[in-house]
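Numbering (the numbering used here), first residue to last: 27 to 136.
Glycine residues also receive a C-beta, built at the ideal position from the N, C-alpha and C atoms.
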C-alpha cells in the first residue's frame, strides 16, 4: 500500500545511488515545508525593516509586538495541543467504563 523511501535491493547495502535517490524523494516532500517556514520568518524580518524606516520608537515597539505575538501564539498552540491530547486520552480510557455502566443501568431498569 505504501511505498518505502528506500527500495529493497538484493545486496542490502546502501550505495551512493540509493542514498541520492532517497535524498531526492525526501527533498520533494520537505522542500515546500522549508519554503513556507522560511517565508514566514522572512515576512517578520521584512515588516520589521519597513517599520524601522519610521523611527527608533516605532522599530522597538514593532519588534516587541512581533516577538510577543509569536510567543503568545506558540503558547496557545501548545496549550491547545496538550488540552486536546489529554481530553482524547481520558475519553478513550473512560468511554468503555461509561458504556458498561450505561448497559448495566439499562439492564437493571428493564
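Just reading off the alpha helix (DSSP H) that residue 54 is part of, what are its end residues? The count along the chain shown starts at 1 and reaches residue 54 at position 28. From DSSP, the alpha helix (DSSP H) with residue 54 extends over 42-78.
Residue 96 by DSSP, collapsed to three states: which one? Against the chain shown, residue 96 aligns to sequence position 70. The answer is helix: DSSP assigns residue 96 an H, G or I state.
Report, in whole angstroms, the separation of the C-beta atoms of residue 88 and residue 74, which I expect to be a contact under 8 Å. Indexing the chain shown from 1 puts residue 88 at position 62. Indexing the chain shown from 1 puts residue 74 at position 48. Indeed, because the Cβ distance is near 6 Å, the residues count as touching under 8 Å.
Inter-residue Cα distance where the pair is residue 65 and residue 105: Within the chain shown, residue 65 is the residue found at index 39, counting from 1. Within the chain shown, residue 105 is the residue found at index 79, counting from 1. Going from the Cα of residue 65 to the Cα of residue 105 covers about 25 Å.
Tell whether a beta-carbon distance below 8 Å holds between residue 77 and residue 84. Mapped onto the chain shown, residue 77 falls at position 51. Mapped onto the chain shown, residue 84 falls at position 58. Closer than 8 Å, so yes.
Given a cut-off of 8 Å, decide if residue 55 and residue 70 are closer than it, judged by their beta-carbon atoms. The residue given as residue 70 occupies position 44 in the chain shown. The residue given as residue 55 occupies position 29 in the chain shown. Against a cut-off of 8 Å, the Cβ pair of residue 55 and residue 70 comes out as no contact.
Cα-Cα separation between residue 86 and residue 80, rounded to whole angstroms: Looking up residue 86 in the chain shown gives position 60. Looking up residue 80 in the chain shown gives position 54. Near 11 Å, if we compare the C-alpha coordinates of residue 80 and residue 86.
Spatial distance of residue 45 from residue 122 (CA atoms): Here residue 45 refers to the residue found at position 19 of the chain shown. Here residue 122 refers to the residue found at position 96 of the chain shown. C-alpha separation (whole angstroms): 47 Å.
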